[in-house]
Amino acid sequence: MAGDDADWARLRNSMGRFCDMAAQFGISAALEFAVIRPLATLSQALRLLSELGRKNGVICLDPLNFVRGGGSAAFLRGLEPRLFPYAQLSDGVLAPGEPDLSKLGRMSPNERRMPGDGIVPLRQILDALPPGLPLSVEIPMPKSVKLPAREWARATAESTRRFLEEYYRGKQAARSS
2 MAGDDADWAR
12 LRNSMGRFCD
22 MAAQFGISAA
32 LEFAVIRPLA
42 TLSQALRLLS
52 ELGRKNGVIC
62 LDPLNFVRGG
72 GSAAFLRGLE
82 PRLFPYAQLS
92 DGVLAPGEPD
102 LSKLGRMSPN
112 ERRMPGDGIV
122 PLRQILDALP
132 PGLPLSVEIP
142 MPKSVKLPAR
152 EWARATAEST
162 RRFLEEYYRG
172 KQAARSS
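For the sequence shown, position 7 matches number 8 in the numbering used here, and the numbering has no gaps at all.
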């Protein structure tokens, strides 16, 4: 669920109803915050879930939005692992002056990059999240790239595999030293 409602009470009520409907089927309701929406930060998302008190309310963490909203890997440490049943793998660049908390909810869309090609501290964020977390990949094709969807998907998969292989090799090397 996206936090696209500027009215906090209505957003909370909508999310609560959504959680209740999903719970009937044993489904978690993942809340994704984004700097372009009224629900712009992890802190806001955590507050909303706390107010809801629904056990099936969880967070979909998009690392690029997290960093653009002022988040850091240190903030993730110590949060309840159940809140993160999965996370997105996304990288990108910040606009000049970001993070700019005065513009939250009104920022321009993200400038995505392949994993490891942007400025997002993905390795540190992955280290701070629960181990073994399933990851989804969010890398829309830039308008300037003209590839068939299958080729873009292949390039995205190859880039993601390379990044994750490098990440896990680095973790293994650190453990054996």
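We put the CB at the ideal spot given by N, CA and C, even for glycine.
Could you check the C-alpha separation between residue i and residue j for me, to the nearest Å?
{"i": "Tyr87", "j": "Pro141", "result": "19 Å"}
{"i": "Arg107", "j": "Asp128", "result": "30 Å"}
{"i": "Asn111", "j": "Gln25", "result": "34 Å"}
{"i": "Leu40", "j": "Leu80", "result": "19 Å"}
{"i": "Ser137", "j": "Asp5", "result": "21 Å"}
{"i": "Trp145", "j": "Glu152", "result": "Looking at the sequence itself, residue 145 is Ser, so the reference to Trp does not match. Approximately 15 Å, taken between the alpha carbons."}
{"i": "Thr42", "j": "Gly72", "result": "8 Å"}
{"i": "Ala96", "j": "Arg114", "result": "13 Å"}
{"i": "Gln45", "j": "Pro143", "result": "29 Å"}
{"i": "Ala30", "j": "Arg78", "result": "22 Å"}
{"i": "Arg124", "j": "Arg155", "result": "22 Å"}
{"i": "Ala175", "j": "Ala74", "result": "18 Å"}
{"i": "Tyr169", "j": "Ser109", "result": "33 Å"}
{"i": "Thr161", "j": "Leu47", "result": "28 Å"}
{"i": "Thr157", "j": "Arg11", "result": "37 Å"}
{"i": "Ile120", "j": "Val94", "result": "6 Å"}
Does residue i pass the burial test, meaning 16 or more other C-beta atoms within 10 Å, or should it be called exposed?
{"i": "Arg38", "result": "buried"}
{"i": "Ala35", "result": "buried"}
{"i": "Val68", "result": "buried"}
{"i": "Leu148", "result": "exposed"}
{"i": "Ser177", "result": "exposed"}
{"i": "Leu105", "result": "buried"}
{"i": "Gly237", "result": "This structure leaves residue 237 out entirely; the chain is present only between 2 and 178."}
{"i": "Ile126", "result": "buried"}
{"i": "Asp171", "result": "According to the sequence shown, residue 171 is Gly rather than Asp. Result: exposed."}
{"i": "Leu90", "result": "buried"}
{"i": "Gly98", "result": "exposed"}
{"i": "Leu102", "result": "exposed"}
{"i": "Glu139", "result": "buried"}
Can the beta-carbon of residue i be found less than 8 Å from the beta-carbon of residue j?
{"i": "Pro100", "j": "Gly133", "result": "no"}
{"i": "Asn57", "j": "Ala3", "result": "no"}
{"i": "Asp21", "j": "Leu65", "result": "no"}
{"i": "Phe85", "j": "Ile60", "result": "yes"}
{"i": "Asp63", "j": "Glu33", "result": "yes"}
{"i": "Pro116", "j": "Phe164", "result": "yes"}
{"i": "Pro131", "j": "Pro82", "result": "yes"}
- [ ] Please determine if the region 13-33 and the region 48-57 are in contact, where contact requires at least 3 C-beta pairs separated by less than 8 Å.
- [x] The answer is yes - the region 48-57 touches the region 13-33, with three or more Cβ pairs under 8 Å.
Open item on the list: Please give the ranges of any alpha helix (DSSP H) in the region 103-137, keeping only runs that are unbroken, at least 4 residues long and fully inside the region.
Closed with: Within the region 103-137, the runs of alpha helix (DSSP H) that reach at least 4 residues and sit entirely inside it are, in chain order, 123-129.
Task: Runs of beta strand (DSSP E) lying entirely within the region 11-48, each at least 3 residues, in chain order - done: Listed in chain order, they are 30-32.
- [ ] Mind listing, in chain order, the continuous alpha helix (DSSP H) runs of no fewer than 4 residues lying wholly within the region 49-100?
- [x] Listed in chain order, the alpha helix (DSSP H) runs fully inside the region 49-100 are 64-69, 74-77, counting runs of at least 4 residues.
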